[in-house]
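**Student:** Residue numbers (the working numbering): 515 to 667.
The beta-carbon is built from N, C-alpha and C at its ideal position, and this holds for glycine as well.
Here's a structure for you.
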Amino acid sequence: MKRAALVFALILSVSAIHAPTSAAQEEEVRAAMSATLAAWREGNFEAFGQYYHPETRGFFFDGGRLVVGFNQAALQAAHDAGFRATMEVQDIDVKVYGNAAVAIAYLDGSITLPGGTEESGTWRYSETRIRQDGTWKIVQYHFSKLAESQGVR
Numbered sequence: 515m516k517r518a519a520l521v522f523a524l525i526l527s528v529s530a531i532h533a534p535t536s537a538a539q540e541e542e543v544r545a546a547m548s549a550t551l552a553a554w555r556e557g558n559f560e561a562f563g564q565y566y567h568p569e570t571r572g573f574f575f576d577g578g579r580l581v582v583g584f585n586q587a588a589l590q591a592a593h594d595a596g597f598r599a600t601m602e603v604q605d606i607d608v609k610v611y612g613n614a615a616v617a618i619a620y621l622d623g624s625i626t627l628p629g630g631t632e633e634s635g636t637w638r639y640s641e642t643r644i645r646q647d648g649t650w651k652i653v654q655y656h657f658s659k660l661a662e663s664q665g666v667r
């Protein structure tokens, strides 16, 4: 019995050495979020797209219907037509559940739609990422404007 307990303890110890801690995984997700936004700011949509799962889905800034899939050509066309989002990320909170992570944050800044309409404010943001081939990829996202009646955070 002692031998079985010793073997079990040894297996757990080895597993703990090779598995990233939850805090380390949360930091990986934060780094992936930062890299995703940096690629956006630089206009590097190829790098930006590497952080999205091909079957991602979500609700975008414009308040429109569900967007399904990641389309780099459509994103580039929107950018070429004048779409811009200048945002600072605030209050990031990440929770990791195995190979999945849920992150929430506030985005403060402005968006400019094709045609020049600009809207400033604070947006609530959430995303779900899965770890695939060593990269935390977005599979779900949601942007929604924080109501002005909610005041300053």
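What number of angstroms, rounded off, separates the C-alpha of Ile465 from the C-alpha of Thr631?
**Tutor:** What is shown of the chain runs 515 to 667, which leaves residue 465 out entirely.
**Student:** Does the pairing of the region 602–610 with the region 580–591 give three or more beta-carbon distances under 8 angstroms?
**Tutor:** Short answer: they don't touch.
**Student:** If you scan the region 575–613 from start to end, which runs of the alpha helix (DSSP H) of 4 or more residues do you find wholly inside it?
**Tutor:** Taking only runs of at least 4 residues, the alpha helix (DSSP H) segments lying wholly in the region 575–613 are 586–594.
**Student:** Give a yes or no on contact between the region 534–541 and the region 554–562, applying the rule of three or more CB pairs nearer than 8 angstroms.
**Tutor:** The region 534–541, when compared against the region 554–562, does not touch it at the 8 angstroms Cβ threshold.
**Student:** Indicate the three-state DSSP secondary structure (helix, strand or coil) for Ala553 in the structure shown.
**Tutor:** Stepping through the sequence shown from its first residue, residue 553 is reached at position 39. In the structure shown, Ala553 sits in a helix (DSSP, three-state: H, G or I).
**Student:** According to DSSP, is Tyr655 helix, strand or coil?
**Tutor:** On the sequence shown, residue 655 is found 141 positions in, with the first residue counted as 1. In this structure, Tyr655 counts as strand in the three-state DSSP scheme.
**Student:** In three-state DSSP terms, what is Gln646?
**Tutor:** Counting from 1 along the sequence shown, the entry for residue 646 is found at position 132. Looking at Gln646 - three-state DSSP - the assignment turns out to be strand.
**Student:** So, at 6 angstroms on beta carbons, what are the nonlocal neighbours of Trp554 in its own chain, with the 5 sequence-adjacent residues on each side left out?
**Tutor:** Walking along the sequence shown from the start, residue 554 turns up at place 40. Cβ neighbours of Trp554 beyond the five flanking positions: Phe562.
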